[in-house]
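Residue numbers for the sequence shown, in numbering that gives the first Met the number 0: 0 to 40.
Beta carbons are placed, not taken as given, at the ideal position from N, Cα and C, and that holds for glycine.
Data block below; observations after.
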Amino acid sequence: MEYVAVTCQKCGRKMYVLRKCARDKMYCTIQCLESGNSSKI
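Listed below in structure tokens is the structure:
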């Protein structure tokens, strides 16, 4: 299993996730995910 470094789209925090779980937009917490999604409307 390989981990890659990604950055939270909302707060900029670095985190490591499995390569197969990496997405274009990543969020470190549910709060960041929800606020990131709601701001797109």
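According to DSSP, is residue i part of a helix, a strand, or is it coil?
i, result
"K13", "strand"
"C20", "helix"
"C27", "coil"
Go through its chain and collect everything with a Cβ distance to residue i's Cβ below 7 Å, but skip five positions before and after it.
i, result
"V5", "M14, V16, A21, M25"
How would you label residue i, buried or exposed, when you count the other beta carbons within 10 angstroms and need 16 or more for buried?
i, result
"K19", "exposed"
I'd like the list of long-range same chain contacts for residue i, defined as Cβ closer than 6 Å, with 5 residues on each side in sequence excluded.
i, result
"R12", "C27"
CB-CB under 8 Å to residue i, same chain, minus the five flanking residues each way: which ones, in chain order?
i, result
"Y2", "Y15, V16, L17, R18"
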